[in-house]
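**Q** Structure incoming, see below.
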Amino acid sequence: MSTRHFLNLADAGGDGVAAILADAIDRKRARDGQPKGRVDADAPLADHVLAMVFEKNSTRTRVSFDIAMRQLGGGAVILDSGTTQLGRGETIADTARVLSRMADAIMLRTDDHAKIEELAHYATVPVINGLTDLSHPCQIMADLLTVIEHGKALPGLEVAWLGDGNNVLNSIVEAAGLMKFNVRIGVPEGYESDAGFIALAEAGGARISLHRDAAEAVAGADVVVTDTWISMGQAHAEAKLAAMAPYQVNDALMVRAKADALFLHCLPAHRNEEVTDAVIDGPRSVVWDEAENRIHAQKSVLRWVFGQI
Ligand code: CP
Ligand code: NVA
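Okay, so the sequence shown: first residue is 495 according to our numbering, each after it adds one.
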């Protein structure tokens with residue numbers, strides 16, 4: 495088997511994503527109620543080490559991959575670019591070569607997606623995308639797991655996205671093509687998501703629609719999703735915040751969705767900007783399950799890159 499990377503969901507494909515999700519559901523159920531640091535009975539990644547490199551801040555990705563590796567019986571090493579030689583100009587290629595000798599897999603969070611592609615090119619161990627400016631596939635694995643756990647089948651699902659057309663939306667759109675659901679994108683003009691992911695999703699059979707009217711985007715949705723209006727690395731522009739204002743997810747918008755619609759947010763949330771307290775703390779919100787599911791989904795992504803799934 496050639497080295498498996500997880501840079502985007504397409505690396506696993508629809509069958510791979512489905513298999514990862516099924517594995518995550520089984521494994522989560524099997525360890526229900528146990529202490530969070532306990533190693534799973536089968537310890538499938540015993541003696542394996544994941545090196546994580548962060549060129550951007552993180553809470554969930556950092557903690558969830560660390561705990562995921564512990565539960566799988568392995569370990570993790572966390573590097574911040576500011577304290578590594580990468581931050582002083584050592585090349586990505588040389589970093590890939592060295593980390594491939596020392597660790598069994600590498601996770602990178604960075605800005606330019608081309609950097610993670612370069613890392614994967616030179617690495618001889620699996621590389622996992624922990625977020626780039628282009629995409630956030632691990633987040634969407636946790637999102638899909640959360641939606642399924644809350645009783646919603648993916649095929650035919652109507653997902654509404656409100657706000658900025660960013661990395662998280664790109665991976666949702668990619669997932670739609672692979673898992674056959676539809677995305678209603680409510681974003682202001684000039685803040686659309688990546689056209690390449692939309693074309694691929696449509697070719698895969700997903701219906702992707704663009705709406706300037708937020709209420710129209712949410713109408714009849716099974717799942718409502720938003721994210722910060724200003725992503726890491728972006729300027730805090732007043733003009734952008736003003737353009738985003740009509741897309742805030744609040745109670746008036748949520749009533750347009752189906753009565754049992756779920757609310758998702760990858761977090762961190764900017765409360766009372768992209769989402770009100772009432773919605774994120776309300777009965778439709780599953781954001782804490784979503785955050786916990788980063789651990790469970792990524793355990794199965796890790797098993798997948800090592801060829802165990
Ligand atoms: N959702 C997410 O990736 O969170 P962090 O930035 O805290 O890792
Ligand atoms: N779109 C956000 C996601 C954070 C997890 C960002 O890139 O900052």
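Ideal Cβ placement from N, Cα and C applies to all residues, glycine included.
Would you say C632 touches the ligand NVA, meaning its beta carbon is less than 6 angstroms from a heavy atom?
**A** For the ligand NVA, not one heavy atom lies less than 6 angstroms from the Cβ of C632.
**Q** Relative to the C-alpha of A535, which candidate in V557, A504, G567, G507 has its C-alpha closest?
**A** If we check each option's Cα against that of A535, G567 comes out closest.
**Q** Determine the direct distance from the alpha carbon of S594 to that of G801, and round the result to whole angstroms.
**A** When rounded, the distance between both Cα atoms is 17 angstroms.
**Q** Give a single yes or no on whether T555 has its beta carbon closer than 6 angstroms to a heavy atom of the ligand CP.
**A** Yes; taking the cut-off as 6 angstroms, the Cβ of T555 has a heavy atom of the ligand CP nearer than that.
**Q** Around the C-beta of M635, are 16 or more other C-beta atoms found within 10 angstroms, so that it is buried, or is it exposed?
**A** Buried, since its Cβ has 16 or more Cβ neighbours within 10 Å.
**Q** Can you tell me the Cα-Cα spacing of L501 and V781, whole angstroms?
**A** Cα to Cα, L501 sits roughly 24 angstroms from V781.
**Q** Tell me whether N623 sits in a helix, a strand or coil according to DSSP, three-state version.
**A** Three-state result, N623: strand.
**Q** Output needed for V667: all residues of its chain with C-beta closer than 7 angstroms, excluding positions within five of it in sequence on either side, in chain order.
**A** Only V677, S687, F691, I692, A695, I702 meet the Cβ criterion.
**Q** Give me the Cα-Cα distance between L796 and I610, rounded to the nearest whole angstrom.
**A** Roughly 17 angstroms between the two C-alpha positions.
**Q** Just list the beta strand (DSSP E) runs in the segment 614–700, keeping only unbroken ones of 3 residues or longer that don't cross its boundaries, in chain order.
**A** Qualifying beta strand (DSSP E) stretches, in chain order: 621–623, 652–656, 676–680.
**Q** Between L602, L704, M748, which has its C-alpha nearest P777's C-alpha?
**A** Of the listed residues, the one whose Cα sits closest to P777 is M748.
**Q** Taking the alpha-carbon positions, what's the S665 to P631 distance?
**A** So the two alpha carbons sit approximately 6 angstroms from each other.
**Q** Just to confirm, does S552 get its C-beta within under 6 angstroms of one of the non-hydrogen atoms of the ligand CP?
**A** Indeed, a heavy atom of the ligand CP lies less than 6 angstroms from the Cβ.
**Q** Under the rule that 16 or more other beta-carbon atoms within 10 Å means buried, what is A540, buried or exposed?
**A** With fewer than 16 other Cβ atoms within 10 Å, it is exposed.
**Q** Please classify M601: does DSSP put it in a helix, a strand, or coil?
**A** Of the three classes helix, strand and coil, the one that applies to M601 here is strand, per DSSP.
**Q** Assuming E768 contacts T722 (C-beta within less than 8 angstroms), just tell me the rounded distance between them.
**A** 6 angstroms between Cβ atoms; contact.
**Q** Out of G569, Q792, L672, T618, state which residue places its alpha-carbon closest to the alpha-carbon of A504.
**A** Closest by alpha carbon: L672.
**Q** Is DSSP giving I519 helix, strand or coil here?
**A** Three-state DSSP puts I519 in a helix.
**Q** CB of L761 to nearest heavy atom of the ligand CP: below 6 angstroms?
**A** Correct: L761 has its Cβ closer than 6 angstroms to the ligand CP.
**Q** Ordered along the chain, which non-local residues of its own chain (more than five positions away) have a Cβ less than 6 angstroms from that of L573?
**A** Counting only Cβ-Cβ distances below 6 angstroms, and skipping sequence neighbours, we find V547.
**Q** Label V662 either buried or exposed according to how many other C-beta atoms from any shown protein chain fall within 10 Å of its C-beta, with 16 as the threshold for buried.
**A** Label assigned to V662: buried.
**Q** Measuring CA to CA, which of A516, R498, V743, S496 is closest to T640?
**A** Cα-wise, what sits closest to T640 is A516.
**Q** Could you tell me how far apart the beta carbons of A647 and G680 are, in whole angstroms, since I believe they sit closer than 8 angstroms?
**A** No, A647 and G680 are not in contact; Cβ-Cβ is about 23 angstroms, not under 8 angstroms.
**Q** Just how far apart, CA to CA, sit G581 and S575?
**A** Cα to Cα, G581 sits roughly 5 angstroms from S575.
**Q** Judging by CA-CA distance, which residue of I519, A518, D658 is the nearest neighbour of S725?
**A** Out of I519, A518, D658, D658 has the C-alpha closest to the C-alpha of S725.
**Q** Let me make sure I understand the geometry here. Which of Q792, A597, A772 has the alpha-carbon closest to that of Q565?
**A** Nearest C-alpha to Q565: Q792.
**Q** Report, in whole angstroms, the separation of the C-beta atoms of L602 and L613, which I expect to be a contact under 8 angstroms.
**A** Indeed they touch by this definition, with Cβ atoms about 6 angstroms apart.
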